[in-house]
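Following: one structure in C-alpha cells, then a few remarks.
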Amino acid sequence: MDKEKRLTPIKAIRAKCLDCSGGNNAEVRNCVIPSCPLYPYRMGHNPYIKLSDERKAQMAANLPWNKQEHADKTP
C-alpha cells in the first residue's frame, strides 16, 4: 500500500472549502454561504471544542515563531 498523506476530517473539510472557493483563503474566510453544513468548520478547526487555558498555552508555545523565541532564550 502506498503511503498517502491522510487528512483528518476537519482538514478534509478545509480542503473542500478551499476547492469551493477556488483555492482562495480569503474567500473561505469571507464565505457567503452560512447555510452550508461545512460553514462552521471552514477555517480548519472545530468551533464546538473548547480548549482549556493550559492547552491553549501549550499550543501557542508550539507555534513556529514562539519556538524560535524560546530557542533564543535557552542557555
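Under this note's numbering, residues 40 to 114 are what the sequence shown spells out, in order.
All C-beta atoms, glycine included, are put in the ideal place defined by N, C-alpha and C.
For clarity, every value in this text was computed on a predicted model and none was experimentally measured.
Own chain partners of residue i with C-beta closer than 8 angstroms, once the 5 adjacent residues on each side are dropped
i	result
MET82	ARG53, VAL67, ARG68
LYS50	GLY83
MET9	Because the chain is modelled from 40 through 114, residue 9 falls outside the range shown and cannot be assessed.
Environment of residue i [buried if 16+ CB atoms lie within 10 Å]
i	result
TYR80	buried
Coil, strand or helix - residue i by DSSP
i	result
GLU43	coil
LEU77	coil
LYS95	helix
PRO86	coil
ASN101	coil
Limits of the alpha helix (DSSP H) - the one that residue i falls within
i	result
LEU57	48-59
ASN64	64-68
Residue i Cβ short of 6 angstroms to the ligand PLP heavy atom set
i	result
ASN101	The ligand PLP is not among the ligands present in this structure, which contains no ligands whatsoever.
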